[in-house]
Amino acid sequence: MKEVIVLTLFIIGALIGAGFASGQEMYSFFYAYGIYGIIGMIVSCSLMSIVIFKCLKLIYDKNINSYDEFLEIYIKNKKITKLINLILNILLLITFYIMIAGFGAYFEQEIGINRTIGSAILALLTASVFFTNVKGVLKVSEYIVPLLLIFIVLIGGENLIFLDSNIVLIEVKKRWLLSSMLYCSYNMILLIPVLISVKNQLTNRKNIKYIAILCGILMSIMSIFIFMLIAKVDIDIATLEMPAVYVIGKFFSKYKILYAFIILASIFTTAISLGIGFLQNMCKNQRGYPQLVLFMCITSLIISRFGFSNLVNLLYPLFGYLGTIQIIVILFGKNVRKKSEIKCALHGKKAE
(Lines of atoms letter the chains of each structure in order from A and count residues from 1; the text may use other names and numbers.)
(Lines give C-alpha, C1' and ligand atoms only; values in the text may rest on other atoms or scores of the structure.)
Protein backbone atom coordinates (compact mmCIF):
# COMPACT_ATOMS: atom_id res chain seq x y z
CA MET A 1 0.00 0.00 0.00
CA LYS A 2 2.90 2.34 0.74
CA GLU A 3 4.18 1.87 -2.81
CA VAL A 4 0.77 2.80 -4.23
CA ILE A 5 0.57 6.00 -2.15
CA VAL A 6 4.17 7.11 -2.79
CA LEU A 7 3.98 6.58 -6.56
CA THR A 8 0.51 8.14 -6.78
CA LEU A 9 1.74 11.28 -5.02
CA PHE A 10 4.80 11.39 -7.28
CA ILE A 11 2.66 11.16 -10.42
CA ILE A 12 0.18 13.78 -9.17
CA GLY A 13 3.13 16.01 -8.32
CA ALA A 14 4.12 15.90 -11.99
CA LEU A 15 0.56 16.74 -13.06
CA ILE A 16 -0.01 19.76 -10.84
CA GLY A 17 2.03 22.90 -11.28
CA ALA A 18 1.46 26.63 -11.43
CA GLY A 19 -1.41 26.27 -13.88
CA PHE A 20 -3.36 23.81 -11.75
CA ALA A 21 -2.74 25.24 -8.28
CA SER A 22 -3.48 28.80 -9.44
CA GLY A 23 -6.79 27.82 -11.01
CA GLN A 24 -5.71 29.09 -14.43
CA GLU A 25 -5.96 25.61 -16.01
CA MET A 26 -9.49 25.08 -14.70
CA TYR A 27 -10.44 28.51 -16.04
CA SER A 28 -8.86 27.91 -19.46
CA PHE A 29 -10.26 24.43 -20.07
CA PHE A 30 -13.51 24.15 -18.08
CA TYR A 31 -14.88 27.34 -16.51
CA ALA A 32 -16.84 28.56 -19.55
CA TYR A 33 -18.90 25.35 -19.65
CA GLY A 34 -20.41 25.65 -16.17
CA ILE A 35 -21.85 22.32 -14.97
CA TYR A 36 -20.63 20.67 -18.16
CA GLY A 37 -17.15 21.82 -17.20
CA ILE A 38 -17.39 19.74 -14.01
CA ILE A 39 -18.52 16.72 -16.04
CA GLY A 40 -15.63 17.41 -18.41
CA MET A 41 -13.14 17.37 -15.54
CA ILE A 42 -14.38 13.95 -14.41
CA VAL A 43 -14.18 12.65 -18.00
CA SER A 44 -10.68 14.07 -18.38
CA CYS A 45 -9.37 12.63 -15.10
CA SER A 46 -10.95 9.24 -15.88
CA LEU A 47 -9.19 9.21 -19.24
CA MET A 48 -5.93 10.15 -17.50
CA SER A 49 -6.41 7.16 -15.20
CA ILE A 50 -6.86 4.82 -18.18
CA VAL A 51 -3.77 6.19 -19.97
CA ILE A 52 -1.66 5.99 -16.78
CA PHE A 53 -2.76 2.37 -16.31
CA LYS A 54 -1.95 1.36 -19.88
CA CYS A 55 1.39 3.19 -19.93
CA LEU A 56 2.59 1.78 -16.60
CA LYS A 57 1.61 -1.71 -17.69
CA LEU A 58 3.58 -1.36 -20.93
CA ILE A 59 6.56 0.15 -19.13
CA TYR A 60 6.59 -2.63 -16.52
CA ASP A 61 5.91 -5.59 -18.82
CA LYS A 62 8.37 -4.56 -21.52
CA ASN A 63 11.06 -3.18 -19.23
CA ILE A 64 11.09 0.25 -20.85
CA ASN A 65 13.89 2.51 -19.61
CA SER A 66 13.61 5.56 -21.85
CA TYR A 67 11.13 7.58 -23.87
CA ASP A 68 12.86 6.34 -27.05
CA GLU A 69 12.11 2.74 -26.09
CA PHE A 70 8.50 3.66 -25.36
CA LEU A 71 8.08 5.22 -28.80
CA GLU A 72 9.65 2.17 -30.45
CA ILE A 73 6.73 0.07 -29.21
CA TYR A 74 4.50 1.87 -31.71
CA ILE A 75 6.85 3.48 -34.24
CA LYS A 76 9.58 1.75 -36.24
CA ASN A 77 10.84 4.81 -38.09
CA LYS A 78 13.75 6.27 -36.08
CA LYS A 79 13.45 9.65 -37.79
CA ILE A 80 9.89 9.98 -36.50
CA THR A 81 10.93 8.98 -32.97
CA LYS A 82 13.69 11.61 -33.06
CA LEU A 83 11.18 14.22 -34.22
CA ILE A 84 8.79 13.32 -31.39
CA ASN A 85 11.66 13.50 -28.91
CA LEU A 86 12.55 16.95 -30.21
CA ILE A 87 8.94 18.08 -29.78
CA LEU A 88 8.97 16.72 -26.20
CA ASN A 89 12.13 18.69 -25.41
CA ILE A 90 10.58 21.87 -26.80
CA LEU A 91 7.48 21.30 -24.66
CA LEU A 92 9.62 20.73 -21.56
CA LEU A 93 11.41 24.02 -22.18
CA ILE A 94 8.19 25.96 -22.86
CA THR A 95 6.53 24.55 -19.73
CA PHE A 96 9.63 25.56 -17.76
CA TYR A 97 9.12 29.08 -19.10
CA ILE A 98 5.48 28.99 -17.99
CA MET A 99 6.54 28.06 -14.44
CA ILE A 100 8.91 31.05 -14.40
CA ALA A 101 6.07 33.27 -15.62
CA GLY A 102 3.74 31.81 -12.96
CA PHE A 103 6.18 32.70 -10.19
CA GLY A 104 6.32 36.27 -11.47
CA ALA A 105 2.53 36.42 -11.83
CA TYR A 106 2.07 35.52 -8.15
CA PHE A 107 4.41 38.30 -7.04
CA GLU A 108 2.62 40.86 -9.21
CA GLN A 109 -0.94 39.86 -8.30
CA GLU A 110 -0.48 39.25 -4.58
CA ILE A 111 2.44 41.46 -3.55
CA GLY A 112 2.38 44.18 -6.20
CA ILE A 113 5.97 43.56 -7.32
CA ASN A 114 6.68 43.71 -11.06
CA ARG A 115 6.34 40.23 -12.58
CA THR A 116 9.82 40.44 -14.14
CA ILE A 117 11.39 40.67 -10.67
CA GLY A 118 9.47 37.61 -9.46
CA SER A 119 10.43 35.69 -12.59
CA ALA A 120 14.07 36.74 -12.20
CA ILE A 121 14.10 35.40 -8.63
CA LEU A 122 12.95 31.95 -9.76
CA ALA A 123 15.29 32.00 -12.78
CA LEU A 124 18.25 32.65 -10.46
CA LEU A 125 17.09 30.00 -7.97
CA THR A 126 16.70 27.35 -10.67
CA ALA A 127 20.08 28.24 -12.21
CA SER A 128 21.80 27.86 -8.83
CA VAL A 129 20.12 24.48 -8.32
CA PHE A 130 21.04 23.26 -11.81
CA PHE A 131 24.67 24.03 -11.00
CA THR A 132 24.64 22.49 -7.51
CA ASN A 133 22.34 19.94 -5.86
CA VAL A 134 19.09 18.86 -7.51
CA LYS A 135 18.15 15.78 -5.48
CA GLY A 136 17.59 17.67 -2.25
CA VAL A 137 15.18 20.11 -3.86
CA LEU A 138 13.22 17.42 -5.68
CA LYS A 139 12.79 15.62 -2.36
CA VAL A 140 10.68 18.60 -1.28
CA SER A 141 8.01 17.63 -3.82
CA GLU A 142 7.28 14.50 -1.76
CA TYR A 143 6.01 16.78 1.01
CA ILE A 144 4.53 19.56 -1.13
CA VAL A 145 2.07 17.30 -2.98
CA PRO A 146 0.38 15.89 0.17
CA LEU A 147 0.24 19.43 1.61
CA LEU A 148 -1.38 20.78 -1.54
CA LEU A 149 -3.82 17.87 -1.65
CA ILE A 150 -4.84 18.31 2.01
CA PHE A 151 -5.10 22.08 1.60
CA ILE A 152 -7.30 21.92 -1.51
CA VAL A 153 -9.61 19.35 0.11
CA LEU A 154 -9.77 21.43 3.32
CA ILE A 155 -10.53 24.69 1.51
CA GLY A 156 -12.78 22.96 -1.01
CA GLY A 157 -14.84 21.30 1.71
CA GLU A 158 -15.22 24.57 3.61
CA ASN A 159 -16.12 26.34 0.36
CA LEU A 160 -18.84 23.80 -0.50
CA ILE A 161 -20.53 24.31 2.88
CA PHE A 162 -20.95 28.04 2.28
CA LEU A 163 -21.30 27.94 -1.51
CA ASP A 164 -24.04 30.06 -3.05
CA SER A 165 -26.21 27.72 -5.12
CA ASN A 166 -26.42 30.32 -7.91
CA ILE A 167 -22.71 30.97 -8.10
CA VAL A 168 -21.84 28.60 -10.96
CA LEU A 169 -22.80 29.86 -14.39
CA ILE A 170 -24.47 27.13 -16.43
CA GLU A 171 -23.46 27.85 -19.98
CA VAL A 172 -23.83 24.95 -22.39
CA LYS A 173 -21.25 24.78 -25.15
CA LYS A 174 -20.68 21.92 -27.53
CA ARG A 175 -16.89 21.97 -27.11
CA TRP A 176 -16.81 20.89 -23.44
CA LEU A 177 -15.97 17.29 -24.36
CA LEU A 178 -13.19 18.38 -26.73
CA SER A 179 -11.81 20.64 -24.01
CA SER A 180 -11.76 17.74 -21.53
CA MET A 181 -9.88 15.58 -24.06
CA LEU A 182 -7.35 18.35 -24.69
CA TYR A 183 -6.77 18.79 -20.95
CA CYS A 184 -6.02 15.09 -20.57
CA SER A 185 -3.75 14.91 -23.62
CA TYR A 186 -1.81 18.06 -22.67
CA ASN A 187 -1.04 16.51 -19.27
CA MET A 188 -0.12 13.13 -20.69
CA ILE A 189 2.35 14.43 -23.27
CA LEU A 190 4.77 15.39 -20.48
CA LEU A 191 3.76 12.68 -17.98
CA ILE A 192 4.97 9.61 -19.89
CA PRO A 193 8.70 10.31 -19.25
CA VAL A 194 7.78 10.65 -15.56
CA LEU A 195 5.97 7.28 -15.60
CA ILE A 196 9.06 5.70 -17.15
CA SER A 197 11.21 7.15 -14.38
CA VAL A 198 9.19 5.36 -11.65
CA LYS A 199 9.59 1.91 -13.21
CA ASN A 200 12.32 0.83 -10.80
CA GLN A 201 10.16 1.81 -7.80
CA LEU A 202 7.27 -0.29 -9.08
CA THR A 203 7.83 -3.75 -7.57
CA ASN A 204 4.34 -5.25 -7.82
CA ARG A 205 2.43 -5.33 -11.11
CA LYS A 206 -0.90 -5.54 -9.25
CA ASN A 207 -0.29 -2.07 -7.82
CA ILE A 208 -0.53 -0.47 -11.27
CA LYS A 209 -4.32 -0.71 -11.24
CA TYR A 210 -4.61 0.92 -7.81
CA ILE A 211 -2.14 3.69 -8.70
CA ALA A 212 -4.09 4.56 -11.85
CA ILE A 213 -7.46 4.54 -10.07
CA LEU A 214 -6.18 6.62 -7.14
CA CYS A 215 -4.61 9.16 -9.51
CA GLY A 216 -7.94 9.54 -11.32
CA ILE A 217 -9.95 9.92 -8.11
CA LEU A 218 -7.60 12.42 -6.45
CA MET A 219 -7.20 14.51 -9.60
CA SER A 220 -11.00 14.61 -10.01
CA ILE A 221 -11.55 15.75 -6.41
CA MET A 222 -8.84 18.41 -6.58
CA SER A 223 -10.04 19.68 -9.98
CA ILE A 224 -13.65 20.01 -8.82
CA PHE A 225 -12.65 21.85 -5.65
CA ILE A 226 -10.43 24.26 -7.61
CA PHE A 227 -13.30 24.82 -10.07
CA MET A 228 -15.71 25.62 -7.23
CA LEU A 229 -13.17 28.02 -5.76
CA ILE A 230 -12.79 30.06 -8.93
CA ALA A 231 -16.59 30.14 -9.24
CA LYS A 232 -16.50 32.54 -6.25
CA VAL A 233 -14.52 35.16 -8.18
CA ASP A 234 -16.51 38.40 -7.87
CA ILE A 235 -14.65 40.44 -10.51
CA ASP A 236 -13.85 39.85 -14.17
CA ILE A 237 -12.00 36.54 -13.92
CA ALA A 238 -10.23 37.17 -17.23
CA THR A 239 -8.23 39.96 -15.54
CA LEU A 240 -6.73 37.55 -12.98
CA GLU A 241 -3.51 35.65 -13.56
CA MET A 242 -4.24 33.33 -10.62
CA PRO A 243 -7.99 33.15 -9.86
CA ALA A 244 -7.76 30.51 -7.10
CA VAL A 245 -5.13 32.55 -5.28
CA TYR A 246 -7.39 35.62 -5.48
CA VAL A 247 -10.32 33.70 -3.95
CA ILE A 248 -8.23 32.29 -1.11
CA GLY A 249 -6.83 35.74 -0.34
CA LYS A 250 -10.29 37.33 -0.23
CA PHE A 251 -12.56 34.65 1.24
CA PHE A 252 -10.13 32.40 3.14
CA SER A 253 -7.50 34.90 4.27
CA LYS A 254 -6.45 32.77 7.24
CA TYR A 255 -4.96 30.28 4.76
CA LYS A 256 -3.34 32.85 2.46
CA ILE A 257 0.23 32.60 3.76
CA LEU A 258 0.15 28.81 3.86
CA TYR A 259 -1.15 28.60 0.29
CA ALA A 260 1.47 31.12 -0.83
CA PHE A 261 4.19 28.81 0.48
CA ILE A 262 2.59 25.72 -1.08
CA ILE A 263 2.01 27.22 -4.52
CA LEU A 264 5.45 28.88 -4.75
CA ALA A 265 7.19 25.69 -3.59
CA SER A 266 5.11 23.70 -6.07
CA ILE A 267 6.09 26.02 -8.93
CA PHE A 268 9.74 25.85 -7.86
CA THR A 269 9.95 22.05 -7.71
CA THR A 270 7.99 21.68 -10.97
CA ALA A 271 10.35 24.13 -12.71
CA ILE A 272 13.33 22.14 -11.45
CA SER A 273 11.83 18.85 -12.66
CA LEU A 274 11.06 20.27 -16.12
CA GLY A 275 14.43 21.99 -16.40
CA ILE A 276 16.38 18.89 -15.42
CA GLY A 277 14.38 16.77 -17.86
CA PHE A 278 15.23 19.19 -20.66
CA LEU A 279 18.91 19.49 -19.70
CA GLN A 280 19.41 15.73 -19.38
CA ASN A 281 17.89 15.14 -22.80
CA MET A 282 19.90 17.89 -24.48
CA CYS A 283 23.25 17.46 -22.68
CA LYS A 284 23.70 13.73 -22.20
CA ASN A 285 27.50 14.04 -21.97
CA GLN A 286 27.38 17.36 -20.02
CA ARG A 287 28.91 19.22 -22.97
CA GLY A 288 27.47 22.71 -23.25
CA TYR A 289 25.57 22.28 -19.95
CA PRO A 290 26.52 25.66 -18.36
CA GLN A 291 25.75 27.56 -21.57
CA LEU A 292 22.37 25.86 -21.92
CA VAL A 293 21.45 26.66 -18.30
CA LEU A 294 22.23 30.33 -18.90
CA PHE A 295 20.27 30.29 -22.16
CA MET A 296 17.24 28.76 -20.41
CA CYS A 297 17.21 31.24 -17.56
CA ILE A 298 17.82 34.36 -19.67
CA THR A 299 15.23 33.46 -22.31
CA SER A 300 12.73 32.56 -19.57
CA LEU A 301 12.70 36.22 -18.50
CA ILE A 302 11.91 37.31 -22.06
CA ILE A 303 9.12 34.74 -22.53
CA SER A 304 7.61 35.42 -19.10
CA ARG A 305 6.86 39.01 -20.17
CA PHE A 306 4.03 37.65 -22.33
CA GLY A 307 2.16 36.93 -19.09
CA PHE A 308 1.36 33.72 -17.26
CA SER A 309 -2.33 33.53 -18.17
CA ASN A 310 -1.63 34.40 -21.82
CA LEU A 311 0.94 31.61 -22.07
CA VAL A 312 -1.36 29.06 -20.42
CA ASN A 313 -4.38 30.00 -22.55
CA LEU A 314 -2.38 29.93 -25.78
CA LEU A 315 0.07 27.07 -25.32
CA TYR A 316 -1.65 24.49 -23.11
CA PRO A 317 -4.49 23.84 -25.60
CA LEU A 318 -1.83 23.58 -28.34
CA PHE A 319 -0.03 20.98 -26.21
CA GLY A 320 -3.37 19.23 -25.93
CA TYR A 321 -3.75 18.91 -29.70
CA LEU A 322 -0.21 17.53 -29.98
CA GLY A 323 -0.81 15.13 -27.10
CA THR A 324 -4.07 13.87 -28.62
CA ILE A 325 -2.10 12.07 -31.33
CA GLN A 326 0.00 10.36 -28.65
CA ILE A 327 -3.05 9.26 -26.64
CA ILE A 328 -4.78 7.82 -29.72
CA VAL A 329 -1.63 5.84 -30.54
CA ILE A 330 -1.35 4.54 -26.94
CA LEU A 331 -4.99 3.52 -26.68
CA PHE A 332 -5.57 2.18 -30.18
CA GLY A 333 -2.16 1.78 -31.85
CA LYS A 334 -0.72 -1.59 -32.74
CA ASN A 335 2.39 -2.91 -31.05
CA VAL A 336 5.18 -3.04 -33.64
CA ARG A 337 7.82 -4.38 -31.26
CA LYS A 338 8.69 -7.97 -32.00
CA LYS A 339 7.79 -10.69 -29.50
CA SER A 340 11.42 -11.79 -29.34
CA GLU A 341 12.43 -8.26 -28.28
CA ILE A 342 9.76 -8.25 -25.57
CA LYS A 343 10.95 -11.62 -24.24
CA CYS A 344 14.53 -10.35 -24.13
CA ALA A 345 13.42 -7.27 -22.22
CA LEU A 346 11.44 -9.35 -19.74
CA HIS A 347 14.31 -11.80 -19.34
CA GLY A 348 16.66 -8.90 -18.65
CA LYS A 349 14.30 -7.53 -16.00
CA LYS A 350 14.05 -10.87 -14.21
CA ALA A 351 17.79 -11.27 -14.25
CA GLU A 352 18.27 -7.93 -12.46
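Residue numbers (our numbering): 16 to 367.
Each residue gets a CB set at the ideal place from its N, CA and C atoms; glycine is no exception.
query: Per DSSP, what kind of secondary structure is M257 in: helix, strand or coil?; result: coil
query: If you run the structure through DSSP and keep just helix, strand and coil, what is F347?; result: helix
query: Is the stretch 76–90 in contact with the stretch 232–239, if contact means three or more CB pairs nearer than 8 angstroms?; result: no
query: Looking at C-alpha atoms only, which residue of Y89, A259, S238 is the closest neighbour of V248?; result: A259
query: Do the stretch 109–126 and the stretch 31–41 make contact, defined as three or more Cβ pairs closer than 8 angstroms?; result: yes
query: At what residues does the alpha helix (DSSP H) containing R302 begin and finish?; result: Per DSSP, R302 belongs to no alpha helix (DSSP H) and is neither H nor E.
query: To the nearest angstrom, how far is it from the Cα of G335 to the Cα of F323?; result: 18 angstroms
query: Just to confirm, is the Cβ distance from I31 to L229 under 9 angstroms?; result: no
query: For M114, report the span of its alpha helix (DSSP H) as first-last.; result: 93–121
query: Relative to the C-alpha of A116, which candidate in T131, I126, G127, I277 has its C-alpha closest?; result: T131
query: In angstroms with no decimal places, state the Cα-to-Cα distance between K271 and L162.; result: 14 angstroms
query: Counting Cβ pairs closer than 8 angstroms, one from the stretch 252–268 and one from the stretch 283–298, do we hit at least three?; result: no
query: Compare the Cα-Cα distances from T110 to each of L289, I345, A138 and report the closest residue.; result: L289
query: Out of curiosity, what's the CA-to-CA distance linking L137 and N328?; result: 22 angstroms
query: Quick check: what's the CA-CA separation for F145 versus V213?; result: 21 angstroms
query: Quick check on the burial criterion: 16 or more other C-beta atoms within 10 angstroms. Buried or exposed for I226?; result: buried
query: With DSSP collapsed to three states, give me the class of K214.; result: helix
query: Could you tell me the alpha carbon to alpha carbon distance between N215 and K72, rounded to whole angstroms?; result: 13 angstroms
query: With the cut-off set at 9 angstroms, would you say T339 and S200 are in Cβ contact?; result: yes
query: My output table needs one value for I90: the three-state DSSP class, helix, strand or coil.; result: coil
query: Drop a sphere of 10 angstroms on the beta-carbon of F276, count the other beta-carbons inside from all chains shown, and report buried for 16 or more, exposed for fewer.; result: exposed
query: Can you grab the Cα-Cα spacing for the pair M257 / L337, in whole Å?; result: 25 angstroms
query: Give the secondary structure of V248 by DSSP, where H, G and I count as helix, E and B as strand, and everything else as coil.; result: coil
query: Where are the alpha helix (DSSP H) runs, 4 residues long or more, that stay fully inside the stretch 28–59, in chain order?; result: 33–37, 39–44
query: Determine whether the beta carbon atoms of I345 and C60 lie at a separation below 9 angstroms.; result: no
query: Short of 8 angstroms in beta carbon distance, which residues of its chain neighbour I159, apart from the five on each side in sequence? Order them along the chain.; result: G28, I277, A280, S281, T284
query: Using only alpha-carbon positions, find the residue among F321, Y331, F310 that is nearest to L139.; result: F310
query: Can the beta-carbon of Y42 be found closer than 9 angstroms to that of I263?; result: no
query: Whole angstroms is fine: what's the gap from I211's alpha carbon to I74's?; result: 6 angstroms
query: If we ignore side chains and look at the alpha-carbon of each, how far apart do I357 and P305 end up?; result: With a pLDDT of only 44 at I357, under 50, the local geometry of the prediction cannot be trusted, and no value is derived from it.
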